[in-house]
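Trainee:
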Amino acid sequence: MMHMKLTHDYLQLPGLFYSELQPVPVQNPKMLVYNDALAEELGLSDDKDAQLLYFSGNAVPKEARPLAQAYSGHQFGYYTRLGDGRAVLIGEIEKDGALYDLQLKGAGRTPYSRGGDGRAAVAPMLREYLLSEAMHALGIPTTRSLAVVKTGETVLRQIPQEGAVLTRVAKSHLRVGTFQYAQEKGGNEAVRTLADYAIRRHKIPAGDNPLLSLFQYVADKQAELIAAWMRIGFIHGVMNTDNVSIAGETIDYGPCAFMDTYDENTVFSSIDRQGRYAYKNQPRIGQWNLARFAEALLGTQDEAEAQLPAYEKILTQYEKRYKEAYYTGMAAKIGIADPDASDRKRVDDLLAAMKKSGADYTNTFVALTRGETCTATQLSEWTEDWKKRLTAIGETKEAVFARMRANNPVVIPRNYAVELALAAAEKGDMAPFHKLLAQLTDPFCYDQPTDPLYTMPMPAQERQRYQTYCGT
476 MMHMKLTHDY LQLPGLFYSE LQPVPVQNPK MLVYNDALAE ELGLSDDKDA QLLYFSGNAV
536 PKEARPLAQA YSGHQFGYYT RLGDGRAVLI GEIEKDGALY DLQLKGAGRT PYSRGGDGRA
596 AVAPMLREYL LSEAMHALGI PTTRSLAVVK TGETVLRQIP QEGAVLTRVA KSHLRVGTFQ
656 YAQEKGGNEA VRTLADYAIR RHKIPAGDNP LLSLFQYVAD KQAELIAAWM RIGFIHGVMN
716 TDNVSIAGET IDYGPCAFMD TYDENTVFSS IDRQGRYAYK NQPRIGQWNL ARFAEALLGT
776 QDEAEAQLPA YEKILTQYEK RYKEAYYTGM AAKIGIADPD ASDRKRVDDL LAAMKKSGAD
836 YTNTFVALTR GETCTATQLS EWTEDWKKRL TAIGETKEAV FARMRANNPV VIPRNYAVEL
896 ALAAAEKGDM APFHKLLAQL TDPFCYDQPT DPLYTMPMPA QERQRYQTYC GT
């Protein structure tokens with residue numbers, strides 16, 4: 476039997492933060508996909524029988540003490556009490572001096588299920604696996620996916636679907652919403668206890684003011700993360716405070732998607748009717764979520780009023796930190812290492828030209844990297860100015876284009892390709908999924924042929940009506 480050396484660090488917190496329970500067994504588990512590389516990183520054995528038992532929830536390691544976490548969150552601006560309604564934390568695995576959560580998603584009902592069945596469907600779980608591993612390959616901080624097991628059971632959604640369990644790996648599942656819950660249920664004392672845990676867990680320098688140090692850490696992580704999303708055209712779709720990771724990882728791949736044709740107003744989520752979480756709004760929503768985090772940390776402390784200016788300063792600095800990270804990354808996409816004010820404008824002008832000409836976001840950068848001629852007048856004019864700037868910088872072409880190749884993926888999870896792979900998987904054919912996964916885990920593949928399916932934008936007619944759903 477597979478041996479897992481699990482710790483149970485989260486159980487050091489007071490009981491209000493979790494409920495201990497066992498995952499609910501499934502009828503007929505079958506492994507759909509297993510991440511051998513990640514398993515090796517985590518030091519897991521290759522015992523296939525044990526993998527199926529543990530990652531379906533039909534058994535747990537003998538030292539495991541499974542639990543579901545409690546948390547709250549602002550969902551589309553409205554506060555509500557939540558929690559792991561279908562996820563069970565099996566324990567933590569130590570790797571290189573850090574702990575990583577091992578969580579089963581779709582493992583059955585919990586005290587936080589709020590009327591749900593606690594289960595998950597095959598397509599959404601495979602979707603999270605595909606997208607999280609693609610994000611990892613792109614160098615974006617993210618939770619990881621270890622396995623997806625088909626349960627042999629039917630889950631009832633809009634239509635009956637096959638059930639599945641996803642095994643997710645994360646630096647932690649602490650969320651801004653966890654701190655909101657702590658303040659609501661346990662007040663300042665619970666918040667301080669949780670903050671001490673987060674600081675120790677993530678090895679955050681505490682300084683003289685631990686709560687403020689934690690806030691600074693999370694604000695910096697979120698600024699960098701959202702800047703990375705924006706650079707690759709990623710739209711999370713549901714940036715509620717319960718989906719903001721304290722560790723700075725992308726988490727909960729519900730209605731997320733990647734932009735094809737550049738339009739800063741792009742939104743895919745079927746439930747985001749007002750465009751709250753549209754592409755262009757992500758940086759601002761990040762700041763709004765941090766303000767809610769500050770409220771939870773400050774709470775009703777006697778010194779809260781005196782502390783407020785320090786938190787407000789960090790919130791103001793967030794915008795500057797975000798812009799620095801964003802424009803530095805965007806400048807690298809056009810080959811510039813140390814951007815100045817003119818380069819920021821150059822980036823903005825490129826995006827304006829892309830929107831005006833209806834250009835594909837990813838493919839425009841790939842074309843620039845390959846030195847291909849842009850036919851659209853707006854892009855052609857921009858390209859001439861850009862070439863003059865590169866000449867003025869004086870770097871070798873080799874250095875410039877090496878930088879561009881490292882920052883401009885050829886392959887992203889194109890919505891069309893993802894949906895085709897998932898549709899095939901639902902019919903029992905995993906070959907398209909594995910083929911797409913192989914391409915997505917090698918996104919900067921300039922020296923080898925790429926299937927056009929993975930580089931073409933979704934057909935215009937499909938794109939106009941494409942929507943994503945919170946299935947994960």
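According to the numbering used here, numbering within the sequence shown proceeds without interruption in unit steps and concludes at 947.
Don't be surprised by glycine CBs; every beta carbon is placed ideally from N, CA and C.
Small disclaimer: the values here were computed from a predicted structure and weren't measured.
Note down the Cα distance separating residue 501 from residue 784, rounded to an integer number of angstroms.
Mentor: Roughly 52 Å between the two C-alpha positions.
Trainee: Here's the rule: buried if 16 or more other CB atoms are within 10 angstroms of the residue's CB, otherwise exposed. What is residue 487?
Mentor: Exposed, because fewer than 16 other Cβ atoms sit within 10 Å of the Cβ of residue 487.
Trainee: Beta-carbon separation of residue 593 and residue 532 under 8 Å?
Mentor: The answer is no: Cβ separation not under 8 Å.
Trainee: When DSSP labels each residue in this structure, what does residue 878 get in the three-state scheme?
Mentor: Helix.
Trainee: Classify residue 677 as helix, strand or coil using the three-state DSSP reduction.
Mentor: Coil, per DSSP.
Trainee: Pull up the distance between the alpha-carbon of residue 699 and that of residue 797, whole angstroms please.
Mentor: Going by the C-alpha atoms only, they are around 6 Å apart.
Trainee: Report the three-state DSSP secondary structure of residue 647 (helix, strand or coil).
Mentor: Note: residue 647 maps to coil in three-state DSSP.
Trainee: Taking three-plus beta-carbon pairs below 8 Å as touching, is the region 721-733 in contact with the region 705-713?
Mentor: In short, these stretches touch, since the Cβ pair count reaches three.
Trainee: How big is the Cα-Cα spacing for residue 538 and residue 480?
Mentor: Spanning the two alpha carbons is a distance of roughly 8 Å.
Trainee: Look at residue 548 and residue 725 and say whether their C-beta atoms are less than 8 Å apart.
Mentor: No, the pair does not count as a contact, with Cβ atoms beyond the cut-off.
Trainee: If you count every other CB in all the chains shown that lies within 10 Å of the CB of residue 570, and 16 or more means buried, which is it?
Mentor: Exposed: under 16 other Cβ atoms inside 10 Å.
Trainee: For residue 823, count the other beta carbons within 10 Å of its own beta carbon; 16 or more makes it buried, fewer makes it exposed. Which is it?
Mentor: Flag for residue 823 reads exposed.
Trainee: Provide the residue(s) that pair with residue 579 in DSSP beta bridges, ordered along the chain.
Mentor: Answer is 563, 642.
Trainee: Just how far apart, CA to CA, sit residue 639 and residue 626?
Mentor: Between residue 639 and residue 626, the C-alpha separation is close to 5 Å.
Trainee: Could you check what DSSP says for residue 699 in three-state terms: helix, strand or coil?
Mentor: In the structure shown, residue 699 sits in a helix (DSSP, three-state: H, G or I).
Trainee: Under the assumption that residue 886 contacts residue 929 (Cβ atoms under 8 Å), give the Cβ distance between them as a whole number of angstroms.
Mentor: Right, their Cβ atoms sit about 5 Å apart.
Trainee: Expressed to the nearest angstrom, what Euclidean distance is found between the alpha-carbon atoms of residue 505 and residue 854?
Mentor: The alpha-carbon atoms of residue 505 and residue 854 are separated by roughly 50 Å.
Trainee: Just to confirm before moving on: does the CB-CB distance between residue 665 and residue 685 stay below 8 Å?
Mentor: Their beta carbons are not under 8 Å apart, which means residue 665 does not touch residue 685 by this criterion.
Trainee: List in chain order: all unbroken beta strand (DSSP E) runs of 3+ residues lying wholly within the region 599-640.
Mentor: Fully enclosed beta strand (DSSP E) runs of 3 or longer: 619-631.
Trainee: Identify, in the order they occur along the chain, each residue of the same chain with its Cβ nearer than 8 Å to the Cβ of residue 838, setting aside the five sequence neighbours on each side.
Mentor: Taken in chain order, the residues that qualify are 930, 932.
Trainee: Taking Cβ to Cβ, would you say residue 656 is nearer than 8 Å to residue 752?
Mentor: Cβ distance not < 8 Å, so residue 656 and residue 752 don't count as in contact.
Trainee: How many Å lie between residue 910 and residue 510 at the Cα?
Mentor: Looking at the two C-alpha atoms, the distance is approximately 14 Å.
Trainee: According to DSSP, is residue 819 part of a helix, a strand, or is it coil?
Mentor: Correct three-state label for residue 819: helix.
Trainee: Helix, strand or coil: how does DSSP classify residue 811 here?
Mentor: Residue 811: coil per DSSP, three-state reduction.
Trainee: Please check the pair residue 919 and residue 880, which I expect to be a contact at CB under 8 Å, by giving their CB distance rounded to whole angstroms.
Mentor: 6 Å between Cβ atoms; contact.
Trainee: Please determine, among 565, 596, 557, 606, the residue with the shortest C-alpha to C-alpha distance to residue 587.
Mentor: Closest option to residue 587, Cα to Cα, is 557.
Trainee: Jot down the residue ranges of each uninterrupted alpha helix (DSSP H) in the region 888-926, minimum 4 residues, whole runs only, in chain order.
Mentor: List check, alpha helix (DSSP H) in window: 890-901, 906-915.
Trainee: For residue 844, tell me which candidate among 861, 833, 831 has the shortest Cα-Cα distance.
Mentor: Nearest of 861, 833, 831 to residue 844, Cα basis: 861.
Trainee: In the DSSP assignment, what residue or residues form a beta bridge with residue 548?
Mentor: Beta-bridge pairing links residue 548 to 555.
Trainee: Tell me the rounded alpha-carbon separation between residue 694 and residue 788.
Mentor: Distance between the alpha carbons of residue 694 and residue 788: 11 Å.
Trainee: Quick check on the burial criterion: 16 or more other C-beta atoms within 10 angstroms. Buried or exposed for residue 852?
Mentor: Label assigned to residue 852: exposed.
Trainee: Given that a residue counts as buried once 16 or more other Cβ atoms are within 10 Å of its Cβ, and exposed if not, what is residue 811?
Mentor: By the neighbour-count rule (16 or more Cβ atoms within 10 Å), residue 811 is buried.
Trainee: Hey, could you find the ends of the beta strand (DSSP E) residue 508 is sitting in?
Mentor: Start and end: 505-509.
Trainee: Let's test the definition: count the other Cβ atoms within 10 Å of the Cβ of residue 749 and tell me whether it reaches 16, buried, or not, exposed.
Mentor: The residue is exposed, with fewer than 16 neighbouring Cβ atoms inside 10 Å.
Trainee: Which whole-angstrom value is the C-beta distance of residue 596 and residue 632, which I expect to be below 8 Å?
Mentor: Yes, they are in contact, since the Cβ atoms of residue 596 and residue 632 sit about 6 Å apart, within 8 Å.
Trainee: How many angstroms separate the CA atom of residue 662 from the CA atom of residue 668?
Mentor: About 10 Å.
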